[in-house]
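Asker:
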Amino acid sequence: KGELARALPMMQQTEQMARRHQANHYALWALLQQSEILIAQGFLQAAYETQDKAFELIREQHLEQLPMHEFLLRIRAQILWSWSRLD
Numbered sequence: 001k002g003e004l005a006r007a008l009p010m011m012q013q014t015e016q017m018a019r020r021h022q023a024n025h026y027a028l029w030a031l032l033q034q035s036e037i038l039i040a041q042g043f044l045q046a047a048y049e050t051q052d053k054a055f056e057l058i059r060e061q062h063l064e065q066l067p068m069h070e071f072l073l074r075i076r077a078q079i080l081w082s083w084s085r086l087d
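For the sequence shown, the positions run 1 to 87 when UniProt numbering is used.
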């Protein structure tokens with residue numbers, strides 16, 4: 001699992017800093033990184049909840065056109081697939 005245990009709090013801090021400075025695309029990137037780390041650690045429910053925060057940020061800040069939105073949809077599908085809940 002490498003440095004995942006250290007990476008998660010770093011990405012959480014990155015998200016907080018980005019939000020403080022209203023750098024929404026960086027906040028979104030940090031949320032996606034957190035989700036990927038949680039998936040790699042096997043914490044799918046926590047990853048799902050982190051993705052919910054990312055979807056909320058996208059809606060609030062109108063970030064739907066960013067390629068990161070498509071990436072979020074893909075990693076959400078991964079979780080739903082693993083739960084056999086594709087709908």
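Ideal Cβ placement from N, Cα and C applies to all residues, glycine included.
#1: One question on the structure: do Q51 and L80 come within less than 8 Å of each other, judged by their Cβ atoms?
#2: I need the straight-line Cα distance from L44 to W83, nearest angstrom please.
#3: Straight-line CA distance for Q12 to L28?
#4: Taking the alpha carbon of N24 as the reference point, which residue from Q41, I58, Q78 and A7 has its own alpha carbon closest?
Answerer: Straight from the coordinates:
#1: Going by C-beta atoms, Q51 is not nearer than 8 Å to L80.
#2: Rounded to the nearest angstrom, the two C-alpha atoms are 9 Å apart.
#3: The alpha-carbon atoms of Q12 and L28 are separated by roughly 11 Å.
#4: For N24, the closest C-alpha among the options Q41, I58, Q78 and A7 is that of I58.
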